[in-house]
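In this note's numbering, the protein residues as written are 11 to 510.
Glycine included, each C-beta is placed from N, C-alpha and C at the ideal position.
The model shown is predicted, which means the values in this text are computed figures rather than measured ones.
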Amino acid sequence: MKKRYLYIKAIIIGIFASAFLVTSCDDSDFLDINTDPSFPADATNNLLMPAAQAGTVFGFSAMLERGAGTMVQHYINGRFDNYGFDGSTYNNAWSFDLYNGSLFDFKVIIDQGTALDEWQHVGVAKIYTAYTFSLLVDLFGDIPYSEALQADANFNPKADDGQTIYTDLFRLIDEGIADLDKESTRTLGQDDLIYGGNLDNWKKMANTLKLKMYNQIRLVDAGGATTNINTLIGSGNLISASKEDFTFQFTSSNSPDGRHPNFQADWAAGGLENNLASFMINLMNGNNDPRVPYYFYKQTGCNLAGRNGGESGNPGDDNVRAIHGIYPVGGKFDDNSCLVHNETLGLQGAGIFPMITYTMRLFIQSEAALTLGTTGDPRQLLEDAINSALSDVESMSGIAMDADDKTNYVAARMAAYDAAVDDNGRLGVIMMEKYVSQFGNGIESYNDLRRTGFPTNLNTPIVQRGPFPRRFPIPPVEVTANPNIDPLTDLTSRVFWDIN
Numbered sequence: 011m012k013k014r015y016l017y018i019k020a021i022i023i024g025i026f027a028s029a030f031l032v033t034s035c036d037d038s039d040f041l042d043i044n045t046d047p048s049f050p051a052d053a054t055n056n057l058l059m060p061a062a063q064a065g066t067v068f069g070f071s072a073m074l075e076r077g078a079g080t081m082v083q084h085y086i087n088g089r090f091d092n093y094g095f096d097g098s099t100y101n102n103a104w105s106f107d108l109y110n111g112s113l114f115d116f117k118v119i120i121d122q123g124t125a126l127d128e129w130q131h132v133g134v135a136k137i138y139t140a141y142t143f144s145l146l147v148d149l150f151g152d153i154p155y156s157e158a159l160q161a162d163a164n165f166n167p168k169a170d171d172g173q174t175i176y177t178d179l180f181r182l183i184d185e186g187i188a189d190l191d192k193e194s195t196r197t198l199g200q201d202d203l204i205y206g207g208n209l210d211n212w213k214k215m216a217n218t219l220k221l222k223m224y225n226q227i228r229l230v231d232a233g234g235a236t237t238n239i240n241t242l243i244g245s246g247n248l249i250s251a252s253k254e255d256f257t258f259q260f261t262s263s264n265s266p267d268g269r270h271p272n273f274q275a276d277w278a279a280g281g282l283e284n285n286l287a288s289f290m291i292n293l294m295n296g297n298n299d300p301r302v303p304y305y306f307y308k309q310t311g312c313n314l315a316g317r318n319g320g321e322s323g324n325p326g327d328d329n330v331r332a333i334h335g336i337y338p339v340g341g342k343f344d345d346n347s348c349l350v351h352n353e354t355l356g357l358q359g360a361g362i363f364p365m366i367t368y369t370m371r372l373f374i375q376s377e378a379a380l381t382l383g384t385t386g387d388p389r390q391l392l393e394d395a396i397n398s399a400l401s402d403v404e405s406m407s408g409i410a411m412d413a414d415d416k417t418n419y420v421a422a423r424m425a426a427y428d429a430a431v432d433d434n435g436r437l438g439v440i441m442m443e444k445y446v447s448q449f450g451n452g453i454e455s456y457n458d459l460r461r462t463g464f465p466t467n468l469n470t471p472i473v474q475r476g477p478f479p480r481r482f483p484i485p486p487v488e489v490t491a492n493p494n495i496d497p498l499t500d501l502t503s504r505v506f507w508d509i510n
């Protein structure tokens, strides 16, 4: 493990925390700078916290999100679209952003903070750690956990059972919530890039994370999920407004680069990393979805066309094909100006990564109410969720939708729900609306697809090197270096909660 990279990265990111900026650098820039990496006190918790928070965001919002977004055809990335990927494209996310980055930082914060009674930092670190590990289990299944993050003490941690990890994460979340109520010698403030030190919002986020996780495991523990979801709803201490969303705000700065990863990859790059997906475009156009000009931007020729997996591009068409719009990557709203992409347009990369939101909470409750009979009316929760999703796009972009377009859209989707002949049909309406709202966080839609089966009619890749992956392979750099990690040869093997 390259620990020296961690500490210097943490300190440098901390310096820029007031601007909420994070830069990603080549590991070799740092390897020989810190000559004494054995003492984490060299980086205090207020410096480590922004580094850790941003590490998780950049670990999930770039290549891993592109892979998951391609699986559900939010958009198409050529590294994943034929189902033949081996994990090498997200080596850095696994190693440097997550395990040797945010997770190690959070462990240092917890250890230092426990010794120094810095309980606000400890509580947030435990909650954020639980979120990070939960997504790793969702994507990869069995992963290093109980023996991980021990540095020199264990270079080869074993992989733990995903279900066992999930169980322990609920304990860790509850510990984090309890820590936030302890008297703390250090106050969490602007070093908290998410909530600016608002502990009430962290408690709501933690409870909503549990809500999401209980819903995730509802197929393998329906009774436990039902009881715990009802308890969480009854507590009234969940994310209850968009201002409480667990969302990371990127910036428009390019020095250091704090812009949304897909803005960097498309709008600010010479060539486009991503293609829009025909499935997503056709779905939204077919439903007269008012979010189309927010999600997608047409370039030269004003042609809004997507691609299927395995469909090769035409040489030199980077200035012609449509690209990500203003939501959520911080590009430009599609006003039919049809300009060639460049980094000075739109929000200039000041997009968001929506991790756990009020809108998501409403969709989760709608699904749970329909499938488990938990508290609430699934139809009303669906309607509230759709309205909230539309408001999210307006708020982030700063551009209002036509009121009639919104009203008509919501009415049409509720009519589709009412026309469904059974609960599976009604679930389909709920999940497809959630699917569209989750644009920008394909990881959650990939989870939803495996749990519920929706979307049911994704396009088949034109070129396909294997079956649809039910989980991601652990990167080969980890498999090669760690003899306790077995290579995943069958991508159709499932994570523990995926029995649909």
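Same chain only: Cβ atoms within 8 Å of residue i, ignoring 5 sequence neighbours per side
i	result
Ala379	Thr385, Gly386, Asp387, Pro388, Leu391
Ile509	Leu229, Val230
Check whether residue i and residue j have beta carbons under 8 Å apart
i	j	result
Phe363	Gly450	yes
Tyr307	Gly361	no
Ser98	Pro486	yes
Gln375	Ile204	no
Tyr419	Asn298	yes
Gly335	Pro300	no
Leu501	Arg480	yes
His84	Gly356	no
Asp202	Met59	yes
Met81	Phe95	no
Residue i versus residue j - alpha carbon distance
i	j	result
Arg504	Gly151	7 Å
Ala235	Ile137	20 Å
His131	Ile183	14 Å
Trp212	Ile396	24 Å
Gly438	Gly79	19 Å
Thr490	Gly133	34 Å
Arg317	Ile86	7 Å
Tyr128	Asp121	Tyr is not the amino acid found at residue 128; the sequence shown has Glu there. Going from the Cα of Glu128 to the Cα of Asp121 covers about 10 Å.
Tyr337	Ala163	44 Å
Asn313	Ser288	12 Å
Ala429	Pro493	54 Å
Ile495	Met424	47 Å
Ile366	Asp255	6 Å
Gly435	Thr218	26 Å
Leu417	Met406	The sequence shown places Thr at residue 417, not Leu. Distance between the alpha carbons of Thr417 and Met406 is about 20 Å.
Gly65	Asn55	15 Å
His270	Phe68	9 Å
Ile25	Thr462	Its pLDDT being 36, under 50, Ile25 is placed unreliably in this model, and the value from its coordinates should be taken loosely. Roughly 44 Å between the two C-alpha positions.
Phe114	Ala53	12 Å
Residue i versus the options, residue with shortest Cα-Cα distance
i	options	result
Leu372	Glu443, Ala413, Glu404, Ser347	Glu443
Gly320	Asp231, Gln474, Val230	Gln474
Asp210	Tyr224, Thr261, Ser265, Leu248	Leu248
Phe180	Thr66, Asp201, Ala169, Ile227	Ile227
Leu459	Phe258, Ile472, Ile440	Ile440
Pro266	Asn324, Ile239, Ser250, Gly359	Gly359
Gln63	Asn217, Asp276, Thr257, Asp178	Thr257
Lys222	Ile484, Glu454, Asp191	Glu454
Thr174	Asn55, Ser144, Asp402	Ser144
Lys214	Met411, Gly186, Gly233	Gly186
Leu282	Ala332, Lys253, Gln259, Leu159	Ala332
Ser398	Ser252, Ala103, Ala421	Ser252
Endpoints, the alpha helix (DSSP H) within which residue i is located
i	result
Leu286	Run containing Leu286: none in the alpha helix (DSSP H); it sits in the beta strand (DSSP E), 284-286.
Phe116	114-126
Phe68	55-69
Phe449	Note, Phe449: premise wrong, no alpha helix (DSSP H); not H, not E.
Ile187	172-190
Thr417	413-429
Asn211	209-226
Val302	302-305
Thr241	232-245
Bounding residues of the beta strand (DSSP E) (the contiguous stretch that carries residue i)
i	result
Met365	362-366
Tyr93	Per DSSP, Tyr93 belongs to no beta strand (DSSP E) and is neither H nor E.
Phe256	256-259
Ile137	First-last for Ile137: 129-150, but that is the alpha helix (DSSP H), not the beta strand (DSSP E).
Tyr337	Unbroken run through Tyr337: none, as it is neither H nor E.
Ile86	85-87
Proximal residues to residue i (C-beta, below 6 Å), its chain only, five neighbours per side dropped
i	result
Gly207	Leu198, Gly199
Asp148	Asn457
Asn285	Ile86, Arg317
Lys168	Glu157, Asn494
Ser38	Model confidence at Ser38 stands at a pLDDT of 33, short of 50, so the residue's coordinates are unreliable and nothing is read from them.
Contact test: residue i Cβ vs the ligand ADP heavy atom, cutoff 7 Å
i	result
Gln358	This structure lacks the ligand ADP; in fact it carries no ligand of any kind.
Same chain, Cβ closer than 7 Å to residue i, neighbours up to 5 away in sequence not counted
i	result
Phe273	Val339, Gly340, Gly341, Gly359, Gly361
Asp433	Leu380
Phe343	Pro303, Tyr304, Gly335, Ile336, Gly356, Ser407, Ile409
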